[in-house]
Every structure is written in structure tokens, then in C-alpha cells.
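In my numbering, the protein residues as written are 343 to 663.
In C-alpha cells, the structure reads:
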């Protein structure tokens, strides 16, 4: 055997060994992905139209989905909701404003948005920085979520809710986005557009909201801004000029001290009811009153704190917010 000067002895063997190793890595990754996919499928909650969790706002739609698929806190489906959307090209300054607004509004509503970069991401980040009440509506099945958003959507599922109206394997089609936007508008009390060019999909959501007699809000932009021409158009046609969360709250008649009580169920509702009957209560007192063990009670109280319903007063004492 003659070895090339460009290929030292043993290098060919090393290359083959590396190829074998790389193949094993690929197989391991595929196995891991299949495991994660199966785990995700198992975790999904399928909700039929006759379920109390099915959004009542969708029941009047002639093209409503027969069933929906949820991952996360399904109690948010009963909460009051406000939509925040924006194009992928929304400027950073508007994204920052959107995050701030979403953070504040999450104290009063569940924030609803999509799963794309740009305005959707700002809404998710803002809500997670607040109470964590976020609902992300997918345009396809769960297998089609944007991989670039995986970490953010995992955080959203841990504290909020991911929702799809298609079976797991359904791919996103061109018409899927408009249908998702229509459902998003119907789900919400109102819609805020953070950024929209002349033909942005965010304008479709705003159009459906207006058709459903929902208030439409938009951030103002300089006249020369191509990224905001859609927002300025919405304001010209009667949309609410919005610079802070207070601009939204005023339209709904909500003051800064008046928060919409989130929908609670099960043990959370039981603990909240007991807390509401006194100024404060010790963990042991709550355990006696509710019959819930202290170790389990601490997790429930933490969840109530995250939802803005309770606060730790120190010394294992809690009160309602």
C-alpha cells in the first residue's frame, strides 16, 4: 500500500472513525428528537367544542375549529385576554415599548400573540417578565413551531399556554396564518399592533378585530417610517394611539389599582378563597382550613404569587394582592 504525502499514515483510519462517530451522534440526536416529540404529544391536552375550556368566543364562528390542542396552563383559556402583535420588521424601539406594555397588561389580562420573531417575541418576553400570563397561538400543528423560537416557547409553555387548532403533524400553509389571525382577534378583548408595514399580517388581525367590534390599538410612528405605515393608517382610521399600557387600560375603564382577577380552579381557587377571608394567614392555618398538606401548599402559594393573586408577608404568612 502506498500512502500519499498529503495523507499521513493513520489519517484515513481517523477519518473513518470520525465518520462512524458522527453517524452515532446523528442517530442519538434523532432518537432524542423522537423521544421529545413523543413526550410533547403525550403532554398535549385535546379540547373538544363541548368542553368548558373551549373558547366561548369561537363558538359563534362558522369556521371554528372542531378541537384544539393545548400545552401549559389551560385555566388561562377562561381568563380575559388582550392581543399584542407586530411584524418581524418591527423596530427595536417599538419592541422595547411593546415588552413594557405586555408586562403591565399581563397583570390585567392574559396576553395573546403568535410565535414569530419581532412583535410576537416582544409580547412573549414582556408577559414573561410580568405575571407570565401568555397564550401563544400557533399557525400550524405543534410539530411546525419555529425552531428558532424553541427556548422562548418552552418558557411560555412552562408559565403560560401554547395553543394549536390543528393536529400535531399539520404543516403551516399560506392560509393558516390568516385563519390563526382571525381566531386570535376573536379570542381577545382588543388588539395592539406594535409595528406593521403596508401589507403586514398584523393588519389582518386588526381588520378582523375591527369587524368583530373589538378596539384596535397601535403605536405611532414618524410619517417617513416604512415599518410603521400600517400603524399610522390604523390610527387615522380610528384606532387608539397607544404609547403606554395606561392608554389601553383607560379604554377598558381599568385603573392602575384595579386588576382583573385571574380564573383559578381546584386547590388554587380553594386557597385563594381562604386567603380572601382574612388580611393574612399563616401556612399552617391555610393547611388546616383547606385540608392541603403544607408541602403541597407552598407550591400552590408560589403559583398564586406568580399569577399576582397572593404575596408573601414574611414569617410563612401570606395575603391576597
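Glycine is no exception: its CB is placed at the ideal position from the N, C-alpha and C atoms. Note that the structure is a prediction, hence the values are computed from the model and not measured.
* Is it the case that the Cβ atoms of residue 432 and residue 468 are separated by a distance below 8 Å? -> Position 90 of the chain shown, counted from the start, is the residue given in the question as residue 432. Position 126 of the chain shown, counted from the start, is the residue given in the question as residue 468. It is not a contact, given that the beta carbons lie outside the stated cut-off.
* Per DSSP, the bridge partner or partners of residue 666 -> The requested residue 666 does not occur in the structure, where the chain is confined to residues 343 to 663.
* Asked: Going by the beta-carbon positions, is the gap between residue 414 and residue 503 smaller than 8 Å?
  -> As a first step, residue 414 is located in the chain shown; it is residue number 72 there, counting from the start. As a first step, residue 503 is located in the chain shown; it is residue number 161 there, counting from the start. Contact: yes.
* Selected residue, minimal CA-CA separation from residue 655, among 649, 444, 623 -> For the purposes of this step, residue 655 is identified with residue 313 of the chain shown, where counting begins at 1. The residue with the shortest Cα to Cα distance from residue 655 is 623.
* Alpha-carbon spacing of residue 627 relative to residue 475, whole angstroms -> Working through the chain shown from its first residue, we reach residue 627 at position 285. Working through the chain shown from its first residue, we reach residue 475 at position 133. Straight-line Cα distance between these residues: approximately 29 Å.
* Alpha carbon to alpha carbon, how far is residue 588 from residue 429? -> By 1-based counting over the chain shown, the position of residue 588 is 246. By 1-based counting over the chain shown, the position of residue 429 is 87. When rounded, the distance between both Cα atoms is 23 Å.
* Should residue 523 be labelled buried (16 or more other beta-carbon atoms within 10 Å of its own) or exposed? -> As a working note, residue 523 is residue 181 in the chain shown. Its Cβ being crowded by 16 or more others within 10 Å, residue 523 is buried.
* Taking DSSP as the reference, what is the three-state secondary structure of residue 353? -> The sequence position of residue 353 within the chain shown is 11, counting from 1. In this prediction, residue 353 has a pLDDT of 47, which is less than 50 and means its spatial position is unreliable; what the coordinates show is noted afterwards. Helix, per DSSP.
* **Within 8 Å, strictly: CB atoms of residue 454 and residue 424** => One-based indexing of the chain shown puts residue 454 at position 112. One-based indexing of the chain shown puts residue 424 at position 82. A contact, by the Cβ cut-off of 8 Å.
* **Nearest-angstrom Cα separation, counted from residue 629 out to residue 638** => Locating residue 638 in the chain shown gives position 296, where the first residue counts as 1. Locating residue 629 in the chain shown gives position 287, where the first residue counts as 1. Cα to Cα, residue 638 sits roughly 9 Å from residue 629.
* Measure the CB-CB distance between residue 617 and residue 648 and report whether it falls below 8 Å. => Along the chain shown, read from residue 1 onward, the residue named residue 617 stands at position 275. Along the chain shown, read from residue 1 onward, the residue named residue 648 stands at position 306. Not a contact, by the Cβ cut-off of 8 Å.
* Limits of the unbroken beta strand (DSSP E) element including residue 559 -> Locating residue 559 in the chain shown gives position 217, where the first residue counts as 1. Start and end: 558 to 560.
* To do: Pick helix, strand or coil for residue 424, following the three-state DSSP scheme.
  => Residue mapping note: residue 424 aligns to position 82 of the chain shown, counting from 1. Strand, per DSSP.
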